[in-house]
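Asks:
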Amino acid sequence: MIISSLGQGLLWAPLAIGVFITFRILDIPDLTTEGSFPFGAAITVSLMIKGQSAITATIAGFLAGCVAGLITGILDTKLKIPSLLAGILTMTGLYSINMHIMGKSNVPLLTQKVLTGYLPADLTVDMQTIMLGIIVVIIVMAVLYWLFKTRLGLSLMATGDNKNMSAANGINTDGMIIFGYMISNGLIALSGALIAQNNGYADIGMGIGTIVIGLASVLVGEIFLRGNNILIRLSAMVLGAIVYRFLLTVAMSLGFPADDLKILSAIILIIVICVPIIQNRIRTKRQLKKYLAQMEAEDDGSITSKTSAKSILSRD
C-alpha cells in the first residue's frame, strides 16, 4: 500500500507543484487545472497511438498545457477577465477540444510503449512507477529551483508578492502572470500525461476534481514542511502529493468505494484547511493567557511595592 501510494504520489506531484505556482506564488485561483490535466493526457495518448514515442508525446502534452495556460493568461491580463472566470472559460473550451483530439470519451493504450517501458524490465510495476516518478520530480524541481534563482523567476515571485510595486520597478507584470499560468498548466498537463500512461488510457472526465487534489496536496505539504526556501517549498508539494495519495489509499482499504473518492478528496481538503486555523486559534489563546498572567504578576508586584513604601513612610 505504501509502495503504491509513493508511486502514485510522485506522478501527481507535478500537478501539486503547478497548483502551487498559481495558488501560492501568484495568489491566483486558477480553474484551468481541470481542463489542462486531461488536455495533456489527450495529446499524449493520441500521439502515442499515431506512432510517436512516449517521450515525445509526453513533452508535447507538457507544451499543450503551456498553451492552455497562455490562453488563460491572455484572458486574465489583456482582456481583463477575472482570473477565476478566465480559468472557467478555458476549462470549458478545453472539454470540446479534448473530445475532438481523442474522437471519443475514452482512448485506451494497447500495445504502445509507455515511459516505464524504458526502465529495467526486471523491476516490478510499482518500482518502475516509483523510479519514473523520482526521475520526473528531480527534473522538475531542478529546473524550477534554477528558474527561481534567475531574474525571470525572481520577477515572477515579486509579481505575486506585490504587483503594483513590481510594475513600479519596471517588471512586466502581465508577462510574468502569463508566464506563471503557462508553467503551472504545463506541469499540470505533464501530470495528466503521466497518469494516463500509468492508467493505460485517457478519459474525458479524468480532470474532474483535480483542482481539489492539487489544493489538498499543497496544503498537506505545507503542514509537514514549512520554510521560505524555494527548494523546501517544492519538496513540500511532493510530500503533500504522496501523503494525500496515501490517505486515499488508506480510505479505500477501509472499504470506501471508488465512487466516493471525490467526496473523500473534498473532506481531506476541508480538514487540512481547518487544521491550521484551529492551531492558530489555540496558539493565540495560549499567548493571550500567558500575557494576562504576566500582567497580573506585574500588577501584584506593583501593589506589594506600594504597600511596602507606605509602611516605611508611616514608620518615619
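Just so you know, my numbering puts 94 at position 94 of the sequence shown, and the rest follows in order with no gaps. Where a beta carbon is used, it is the ideal one built from N, C-alpha and C, also for glycine. In this text the structure is predicted, and so the values were computed from the model without any measurement.
1. Helix, strand or coil, according to DSSP, for VAL107 in the structure here?
2. Is it buried or exposed for LEU194, if we count other Cβ within 10 angstroms and need 16 for buried?
3. Can you list, in chain order, the residues of its chain whose CB lies under 6 Å from that of SER36, leaving out five sequence neighbours each side?
4. If we ignore side chains and look at the alpha-carbon of each, how far apart do LEU115 and ILE59 end up?
5. Using the Cα positions of PRO82 and ILE177, report the straight-line distance between them to the nearest angstrom.
6. According to DSSP, is ALA327 part of a helix, a strand, or is it coil?
7. Pick out whichever of LYS149, PHE62 and MET252 has its Cα sitting closest to the Cα of ILE43.
8. Is the beta carbon of VAL212 sitting closer than 7 Å to the one on LEU269?
9. Could you tell me the distance, in whole angstroms, from the CA atom of ALA337 to the CA atom of GLU296?
10. Is GLY240 near ILE25, with beta carbons less than 7 Å apart?
11. Measuring alpha carbon to alpha carbon, tell me which residue in LYS289, LEU10 and ALA216 is nearest ILE138.
12. Taking 7 Å as the cut-off, decide whether the C-beta atoms of LEU109 and GLY40 are in contact.
13. Cα-Cα, which of LEU152, ILE183 and MET182 is closest to ILE170?
14. Given a threshold of 16 other Cβ atoms within 10 Å of its Cβ, counted over all protein chains shown, does GLN287 qualify as buried or as exposed?
Replies: Reading from the atomic positions:
1. strand
2. Buried: at least 16 other Cβ atoms inside 10 Å.
3. GLY65, ALA68, ASN185, ILE188 and ALA189
4. 11 Å
5. 13 Å
6. The shown model of the chain, from 1 to 316, leaves out residue 327, and the question about it has no answer.
7. PHE62
8. yes
9. Only positions 1 to 316 of the chain appear in this structure, which leaves residue 337 out of reach.
10. no
11. LEU10
12. no
13. The amino acid occupying residue 170 in the given sequence is Gly; Ile does not appear at that position. When each option's Cα is compared against that of GLY170, the closest is LEU152.
14. exposed
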